[in-house]
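Numbering (the numbering used here), first residue to last: 0 to 67.
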């Protein structure tokens, strides 16, 4: 899995207002990633809660505190 594309896609989703498309993301990035690359990544991977936790666990551990 290309972590950079996943991170860009999640940033794109979080920063967008309204409907989003992989074509729109590709256009926003001036074609750095084609919509086919993003679509293939999304359709060939399981993005369940376990996968998400594995991706963010190290960041969560860095910023967590005893009171939260």
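The beta-carbon is built from N, C-alpha and C at its ideal position, and this holds for glycine as well.
Indicate whether residue i and residue j have their beta-carbon atoms separated by less than 7 Å.
i, j, result
"residue 33", "residue 25", "yes"
My understanding is that residue i touches residue j, with C-beta atoms under 8 Å, so please give their C-beta distance in whole angstroms.
i, j, result
"residue 21", "residue 37", "4 Å"
"residue 19", "residue 12", "6 Å"
Cα-Cα, which of the options is closest to residue i?
i, options, result
"residue 30", "63, 4 and 54", "4"
"residue 1", "16, 17 and 41", "41"
"residue 35", "8, 18, 46 and 63", "8"
Open item on the list: I'd like the ranges of any beta strand (DSSP E) spanning at least 3 consecutive residues and lying wholly in the region 4-50.
Closed with: Residue ranges of uninterrupted beta strand (DSSP E) with 3 or more members are absent from the region 4-50; none lies entirely inside it.
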